[in-house]
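Just so you know, we're using our numbering here: the sequence shown kicks off at 1 and counts up by one. Structure record follows, encoded as structure tokens.
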Amino acid sequence: MLRSRAWDNGLVHCGILFLDELGEFPAVVLDMLRQPLEEGAVHVARARAAADLPARFLLVGAMNPCRCGEGSLRGACRCSDRARARYTRRLSGPLLDRFDLAISLSRPDVEDLVGGPPAESSAQVAERVCFARLEAATKGARCNSELPMSSLEETVPLTVEAAALLERRLRSGTLSARGMHRVRRVARTIADLDRAGPLVRERQVAEALSLREGHSALLMQRT
Ligand SMILES: [Zn+2]
């Protein structure tokens with residue numbers, strides 16, 4: 001699967017890799033993504049040659065809560081607990097940890113579907129995203145997710161309360177060290193989208209943490 005035409009043509013680099021039905025991919029295939037996600041490159045070694053191919057990409061995955069697809073509706077799921085656990089186990093903890101955002105979605109309300117236009121237009125959102133990208137560029141990165149870990153103290157300065165919140169989550173074991181760095185970068189983006197200034201506050205860290213709650217939902221389902 002990974003050896004696709006897009007990969008051969010170098011389209012994956014700086015592109016978007018969207019994997020639909022994530023739970024249907026073999027675990028070994030999904031885990032192959034860990035290295036390029038971490039390093040932004042793929043190392044290929046053969047008997048006569050070795051090559052490093054650039055592969056910094058945005059990974060987007062979608063999956064149902066279970067194989068029958070009805071797991072989000074109370075009483076509608078036809079899967080056994082074991083089958084549900086097996087389905088989500090395809091995603092290893094380390095791979096899951098590398099997703100900056102993991103969100104459980106439910107079916108939208110009819111009122112939302114037939115309601116009026118959204119409060120904020122796409123053009124307004126695009127303007128805020130553009131601002132956030134420019135802010136990232138001033139820090140030498142294409143986007144905040146690429147901010148080097150070594151520079152986070154400087155590029156994502158936290159208030160005392162924001163730092164304390166991260167520390168509590170680390171001590172409780174609900175956040176890994178890798179996850180903490182990712183949360184910090186996401187909180188930077190939330191602050192930039194709000195044009196909130198250089199200091200990242202507790203509210204933004206809390207929002208970044210809430211955008212990872214899908215991790216815990218998946219981990220609970222597999223036990
Ligand atoms: Zn089901």
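Built from N, CA and C at the ideal position, the CB exists for glycine as well.
With a floor of 4 residues, list each alpha helix (DSSP H) that falls wholly inside the stretch 152-203, ordered by position along the chain.
-> 152-155, 160-171 and 177-193
Which partner residues of G61 appear in the DSSP bridge assignment?
-> Within the sequence shown, the letter at position 61 stands for residue 61. Its beta-bridge partners are L19.
Go to P54, then tell me how far its beta strand (DSSP E) extends in each direction, as first and last residue.
-> In the sequence shown, the residue the question calls residue 54 occupies position 54. P54 -> beta strand (DSSP E) spans A50 to P54.
When the Cα atoms are used, what is the spatial distance from V29 to A62?
-> Residue mapping note: residue 29 aligns to position 29 of the sequence shown, counting from 1. Residue mapping note: residue 62 aligns to position 62 of the sequence shown, counting from 1. One C-alpha to the other measures close to 16 Å.
Sequence-distant residues of the same chain with beta carbon closer than 7 Å to A199, five excluded per side = Taking the sequence shown and counting its residues from 1, one reaches residue 199 at position 199. For the record, residue 199 in the displayed sequence is Leu; it is not Ala. Once the five neighbours on either side are set aside, the close Cβ partners of L199 are P157 and T159.
Is E21 near ligand 1, judged by its Cβ being under 7 Å from some heavy atom?
-> In the sequence shown, the residue the question calls residue 21 occupies position 21. False, no ligand heavy atom lies under 7 Å from that Cβ.
Any idea what DSSP makes of M1, helix, strand or coil?
-> One-based indexing of the sequence shown puts residue 1 at position 1. Confidence in M1 is poor, its pLDDT being 44 and thus under 50, which makes the residue's placement unreliable; the coordinate value appears in the next sentence. Coil, per DSSP.
Close beta carbons around R133, own chain, < 7 Å, minus the five adjacent residues each side | Start at 1 with the first residue of the sequence shown, and residue 133 comes out as number 133. Hits under 7 Å: C143.
Using the DSSP secondary-structure output, state which residues sit across from A45 in a beta bridge.
-> The residue given as residue 45 occupies position 45 in the sequence shown. Per DSSP, A50.
Going by the C-beta, is C77 closer than 7 Å to any heavy atom of ligand 1?
-> Here residue 77 corresponds to residue number 77 of the sequence shown, with the count starting at 1. Indeed, a heavy atom of ligand 1 lies less than 7 Å from the Cβ.
Under 7 Å Cβ to Cβ from A208, same chain only, skipping five residues before and after it: list those, please.
-> Position 208 of the sequence shown, counted from the start, is the residue given in the question as residue 208. These residues qualify, in order along the chain: V183, V186, A187 and I190.
Element boundaries [alpha helix (DSSP H), containing A136] | In the sequence shown, residue 136 corresponds to position 136, counting from 1. S122 to T138 is the span of the alpha helix (DSSP H), which, as asked, contains A136.
For G179, does the count of other Cβ atoms within 10 angstroms reach 16, so buried, or fall short, so exposed?
-> Taking the first residue of the sequence shown as position 1, residue 179 is located at position 179. G179 comes out buried.
Could you tell me whether the Cβ atoms of E202 and L165 are closer together than 8 Å?
-> Residue 202 sits at position 202 when you count from the first residue of the sequence shown. Residue 165 sits at position 165 when you count from the first residue of the sequence shown. Yes, the Cβ-Cβ distance between E202 and L165 is below 8 Å.
Coil, strand or helix - L73 by DSSP = Numbered from its first residue, the sequence shown carries residue 73 at position 73. L73 falls in the coil class under three-state DSSP.
Ends of the alpha helix (DSSP H) at E111?
-> Reading the sequence shown from its first residue, position 111 is the one you call residue 111. Per DSSP, E111 belongs to the alpha helix (DSSP H) from V110 to V114.
Would you tell me roughly how many angstroms separate the C-alpha atoms of L113 and R74, rounded to the nearest one?
-> Numbered from 1 along the sequence shown, position 113 holds the residue referred to as residue 113. Numbered from 1 along the sequence shown, position 74 holds the residue referred to as residue 74. Going from the Cα of L113 to the Cα of R74 covers about 21 Å.
Proximal residues to R195 (C-beta, below 7 Å), its chain only, five neighbours per side dropped = If you number the sequence shown from 1, residue 195 lands on position 195. Excluding sequence neighbours, R195 sits near F131.
Among S151, L219 and E154, which has the Cα closest to the Cα of L175?
-> Taking the sequence shown and counting its residues from 1, one reaches residue 175 at position 175. The candidate whose alpha carbon is nearest that of L175 is L219.
Ordered along the chain, which non-local residues of its own chain (more than five positions away) have a Cβ less than 6 Å from that of F18?
-> In the sequence shown, the residue the question calls residue 18 occupies position 18. Result list for F18: V60, in chain order.
Is P65 buried or exposed, if buried means 16 or more other CB atoms sit within 10 Å of its CB?
-> Here residue 65 refers to the residue found at position 65 of the sequence shown. By the 10 Å Cβ count, P65 comes out buried.
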